[in-house]
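Shown next, in structure tokens, is the structure this report addresses.
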Ligand SMILES: NC(=[NH2+])NCCC[C@H](N)C(=O)O
Ligand SMILES: [Mn+2]
Ligand SMILES: [Mn+2]
């Protein structure tokens, strides 16, 4: 290999974004699962200097917190089977939906910092409202496609994809805000990094003919680079539709990202996780990114906190145009 065989890494350009502007949407929310601390994610990521780093990459930034008024004030009274916190998840995801919708409608990049992964109900439907042909890239150890009838844990952070696709047979009243909205089509999602899929989820994936599911097996079999290309192709035959990436940090191996609520060993290396983000930036089609499930309270020591938070920040920087060279 000679030097002229290396492709030049261009500074990424964002085709759908006006004026290199982004909104950091804080989503300090933890009711989609049972472990406290994940609501601290946004402040930890910001304390690490994320905004400063993004401004150095040329972004004009603003920070909003759509949950500021409601955090802790919503009473959970609605019941459906084993599902936890229906009212507070419904209320917060509606607020996040509106913020992501308005941010993307303005031509700004939506960088949403969770919180647990239930917040993606809002980010997906918000981005989809602005971009009807949106493709969703779901980076995770988990498929998060349980319906309210298949979930064993009752935690809505395991259900956001089913909500966004309209797969729930019964939609509890607090979620009625999403009834009139366009849902994500079954062929507009690609998964990368999965290694812990519930039996019920396997059924849901099969029944709905969702086939762009790249597990750790596929990454080992074909290599990360090929898997990313296959996933992008699946979402984007002509390479010109907008992409939302919902990035659960538990996709990366707990060796690198230990402070997360549902760690699963045998995951992406940190470099694979960052390479994916770099490649997404290179497509020019990214319109939004969620970074979710950083939970500093689950670290057993300070190094675990730093490892986890700096991995989350690095994913965001790579997706937003940081190149090595
Ligand atoms: N966003 C996540 N970390 N999700 C983990 C989900 C785990 C399990 N499949 C459940 O539904 O409870
Ligand atoms: Mn996960
Ligand atoms: Mn997840």
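Residue numbers (our numbering): -2 to 322. All C-beta atoms, glycine included, are put in the ideal place defined by N, C-alpha and C. Note that the structure is a prediction, hence the values are computed from the model and not measured.
When DSSP builds the beta bridges, which residues end up paired with residue i?
{"i": "residue 187", "result": "134"}
{"i": "residue 24", "result": "111"}
{"i": "residue 106", "result": "19"}
{"i": "residue 59", "result": "20"}
Using the Cα positions of residue i and residue j, report the straight-line distance between them to the nearest angstrom.
{"i": "residue 223", "j": "residue 173", "result": "40 Å"}
{"i": "residue 35", "j": "residue 243", "result": "16 Å"}
{"i": "residue 58", "j": "residue 48", "result": "7 Å"}
{"i": "residue 184", "j": "residue 248", "result": "22 Å"}
{"i": "residue 13", "j": "residue 53", "result": "20 Å"}
{"i": "residue 283", "j": "residue 218", "result": "27 Å"}
{"i": "residue 188", "j": "residue 231", "result": "10 Å"}
{"i": "residue 157", "j": "residue 169", "result": "14 Å"}
{"i": "residue 197", "j": "residue 37", "result": "31 Å"}
{"i": "residue 32", "j": "residue 255", "result": "14 Å"}
{"i": "residue 130", "j": "residue 229", "result": "14 Å"}
{"i": "residue 163", "j": "residue 180", "result": "6 Å"}
{"i": "residue 268", "j": "residue 82", "result": "36 Å"}
{"i": "residue 277", "j": "residue 300", "result": "28 Å"}
At a cut-off of 8 Å, is residue i close to ligand 1 when judged by its beta-carbon and the heavy atoms of the ligand?
{"i": "residue 303", "result": "no"}
{"i": "residue 90", "result": "no"}
{"i": "residue 113", "result": "yes"}
{"i": "residue 143", "result": "yes"}
How about residue i: is its Cβ closer than 8 Å to a heavy atom in ligand 3?
{"i": "residue 289", "result": "yes"}
{"i": "residue 154", "result": "yes"}
{"i": "residue 28", "result": "no"}
Please determine whether the Cβ atom of residue i lies at a distance below 8 Å from any heavy atom of ligand 2.
{"i": "residue 138", "result": "yes"}
Quick one: measure Cβ to Cβ for residue i and residue j, integer angstroms, because I've assumed they're closer than 8 Å.
{"i": "residue 142", "j": "residue 201", "result": "5 Å"}
{"i": "residue 112", "j": "residue 24", "result": "4 Å"}
{"i": "residue 78", "j": "residue 145", "result": "7 Å"}
{"i": "residue 153", "j": "residue 177", "result": "Between residue 177 and residue 153 the Cβ distance is about 20 Å, and since that is not below 8 Å, they are no contact."}
{"i": "residue 118", "j": "residue 90", "result": "4 Å"}
{"i": "residue 305", "j": "residue 246", "result": "7 Å"}
{"i": "residue 258", "j": "residue 295", "result": "6 Å"}
Would residue i pass as an interface residue toward chain B - the criterion being a Cβ-Cβ separation below 9 Å?
{"i": "residue 111", "result": "Looking for chain B here will not work: only one protein chain is present."}
**OP:** List in chain order: all unbroken beta strand (DSSP E) runs of 3+ residues lying wholly within the region 199 to 227.
**Re:** 210 to 212
**OP:** Mind listing, in chain order, the continuous beta strand (DSSP E) runs of no fewer than 3 residues lying wholly within the region 263 to 320?
**Re:** If we require 3 residues or more, the beta strand (DSSP E) runs fully inside the region 263 to 320 come out as 283 to 289.
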